[in-house]
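Student: Would you mind keeping the following structure in view while I ask a few things?
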Amino acid sequence: MEVRLRTDGSLTSIMKKAFVIVGPTASGKSALAIQLAKKVRGEVISADSRQVYRGMDIGTGKVTKKEMAGIPHHLLSVADPKKQYSVERYQRDARKALFDILARNKTPIICGGTGYYIDALVEGAVLPSVPPNSALRKKLEQMSAEKLFALLKKRDPSRAQTIDAKNPRRLIRALEIIEALGKVPTQKSVPLPNIHFEWIGIDLPDEELKQKIHLRLHSRMRCGMLKEVERLHTPSVGGGLSWKRMEDFGLEYRWLARYLQNKITREEMLTKLELDIWHYAKRQRTWFKRNKKIKWVKK
Numbered sequence: 001m002e003v004r005l006r007t008d009g010s011l012t013s014i015m016k017k018a019f020v021i022v023g024p025t026a027s028g029k030s031a032l033a034i035q036l037a038k039k040v041r042g043e044v045i046s047a048d049s050r051q052v053y054r055g056m057d058i059g060t061g062k063v064t065k066k067e068m069a070g071i072p073h074h075l076l077s078v079a080d081p082k083k084q085y086s087v088e089r090y091q092r093d094a095r096k097a098l099f100d101i102l103a104r105n106k107t108p109i110i111c112g113g114t115g116y117y118i119d120a121l122v123e124g125a126v127l128p129s130v131p132p133n134s135a136l137r138k139k140l141e142q143m144s145a146e147k148l149f150a151l152l153k154k155r156d157p158s159r160a161q162t163i164d165a166k167n168p169r170r171l172i173r174a175l176e177i178i179e180a181l182g183k184v185p186t187q188k189s190v191p192l193p194n195i196h197f198e199w200i201g202i203d204l205p206d207e208e209l210k211q212k213i214h215l216r217l218h219s220r221m222r223c224g225m226l227k228e229v230e231r232l233h234t235p236s237v238g239g240g241l242s243w244k245r246m247e248d249f250g251l252e253y254r255w256l257a258r259y260l261q262n263k264i265t266r267e268e269m270l271t272k273l274e275l276d277i278w279h280y281a282k283r284q285r286t287w288f289k290r291n292k293k294i295k296w297v298k299k
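Per the numbering used here, residue 1 is the first one in the sequence shown, and the count goes up by one each step.
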């Protein structure tokens, strides 16, 4: 560990520096992270709960090799989408990447929109140690997201205020913890020592962000997002993800899966997906606005 002399002659540790870039979807986080990395000899650690999965590139808005412009990115495409990748695993993997970057005297830049992942890494959240309850999961998996959320509101109203109400996977995990502990415990934090995190929040006015969401959605459709979902589902081309698993991933994968099953029209799919993305952006804002360490910038 690096040290320096205090004025009284004793030794003290030098704080390492890292950046955290957060904000709603489509606000321009990835571009800002790459721009910053070029200036500070940085490397990017992704904090996105869906970009960790292989093959889910267009639908998650994963940064391309060309867009990376030579800047190393970590925690992208590291997991099999057929298997669950937990926040506990993310915390472990992301810490390993963080310490590796610092050991090479580079600057870590944590970038993403999954607030729970970011808090687990940066704030050192102590996560509840509750093993999976297969019997309970089997029962809960038969319920819709709406019924799961109603049950969570009844069992733990506080957790219901911060969770993604349309994400069955997270709803089931919360109910699993409640079954074991009585409620989702208040999160305790053990901050990482000797690292100063500089938080940067990026956002846009509502109408501008809505327009970016609209344009990005249609751009992704032109770039083959529908074919990506078909490929993920088709066993003969290495896919094999069930439609139910697609539902768990939410947003693009949920609505395109429903369209491919002929449950909705293309127009309904695009309209409902765009609205769902906007609601997701608002939930991200709500999560990050609670953090008074974030310095917000407008693009």
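We put the CB at the ideal spot given by N, CA and C, even for glycine.
Since this is a predicted model, take the numbers as computed values, not measurements.
In this structure, does DSSP put Lys16 in helix, strand or coil?
Tutor: Within the sequence shown, residue 16 is the residue found at index 16, counting from 1. Note: Lys16 maps to strand in three-state DSSP.
Student: Can you give me the C-alpha to C-alpha distance between Glu176 and Ala160, rounded to a whole angstrom?
Tutor: Locating residue 176 in the sequence shown gives position 176, where the first residue counts as 1. Locating residue 160 in the sequence shown gives position 160, where the first residue counts as 1. Computed Cα separation, rounded: 14 angstroms.
Student: List, from N- to C-terminal side, the alpha helix (DSSP H) runs of 4 residues or more that fit wholly inside the stretch 86 to 117.
Tutor: Runs found: 87 to 103.
Student: Please state the DSSP three-state secondary structure of Ser46.
Tutor: Along the sequence shown, read from residue 1 onward, the residue named residue 46 stands at position 46. Three-state DSSP puts Ser46 in a strand.
Student: Take Ile71 as the anchor and find which of Leu98, Val297, Lys154 and Ile34 has the nearest alpha-carbon.
Tutor: The sequence position of residue 71 within the sequence shown is 71, counting from 1. Measuring from the Cα of Ile71, the nearest candidate turns out to be Ile34.
Student: Quick check: Ile109 and Phe19, are their CB atoms within less than 7 angstroms of each other?
Tutor: Your numbering for residue 109 matches position 109 in the sequence shown. Your numbering for residue 19 matches position 19 in the sequence shown. Result yes, Cβ atoms of Ile109 and Phe19 sit closer than 7 angstroms.
Student: Taking the alpha carbon of Glu247 as the point to measure from, which residue in Met68, Tyr259 and Ser236 has its own alpha carbon closest?
Tutor: Position 247 of the sequence shown, counted from the first residue, corresponds to residue 247. Out of Met68, Tyr259 and Ser236, Tyr259 has the C-alpha closest to the C-alpha of Glu247.
Student: Between which residues of its own chain and Pro81 is the CB-CB distance below 8 angstroms, once the five residues before and five after are set aside?
Tutor: Walking along the sequence shown from the start, residue 81 turns up at place 81. Answer for Pro81: Tyr53, Arg54, Gly55, Met56, Leu232, Leu241, Arg245 and Phe249, listed in chain order.
Student: Pick out whichever of Glu146, Lys210 and Trp243 has its Cα sitting closest to the Cα of Asn262.
Tutor: Looking up residue 262 in the sequence shown gives position 262. Comparing Cα positions, the closest option is Trp243.
Student: Please classify Ala103: is it buried, with 16 or more other beta-carbons within 10 angstroms of its beta-carbon, or exposed?
Tutor: If you number the sequence shown from 1, residue 103 lands on position 103. The residue in question, Ala103, is exposed, as its Cβ has fewer than 16 Cβ neighbours within 10 Å.
Student: Quick test of your reading: Cys111 and Ser46, contact by CB under 8 angstroms. State the CB separation rounded to the nearest angstrom.
Tutor: Position 111 of the sequence shown, counting from 1, holds the residue named residue 111. Position 46 of the sequence shown, counting from 1, holds the residue named residue 46. Contact holds; Cβ gap of about 6 angstroms.
Student: With DSSP run on the structure shown, which of helix, strand or coil describes Lys293?
Tutor: Taking the first residue of the sequence shown as position 1, residue 293 is located at position 293. Of the three classes helix, strand and coil, the one that applies to Lys293 here is coil, per DSSP.
Student: Could you check where the beta strand (DSSP E) with Ile202 kicks off and where it finishes?
Tutor: Within the sequence shown, numbered from 1, the residue matching residue 202 stands at position 202. Ile195 to Asp203 is the span of the beta strand (DSSP E), which, as asked, contains Ile202.
Student: With a CB to CB cut of under 8 angstroms and the five nearest residues on each side skipped, what residues in its chain are close to Ala69?
Tutor: Counting from 1 along the sequence shown, the entry for residue 69 is found at position 69. The residues are Ile34 and Lys38.
Student: Which of the three DSSP states, helix, strand or coil, is assigned to Lys298?
Tutor: Residue 298 sits at position 298 when you count from the first residue of the sequence shown. Looking at Lys298 - three-state DSSP - the assignment turns out to be strand.
Student: Which residue marks the beginning of the alpha helix (DSSP H) containing Lys210, and which one marks its end?
Tutor: Counted from its first residue, the sequence shown places residue 210 at position 210. That run of the alpha helix (DSSP H) goes Asp206 to Arg222.
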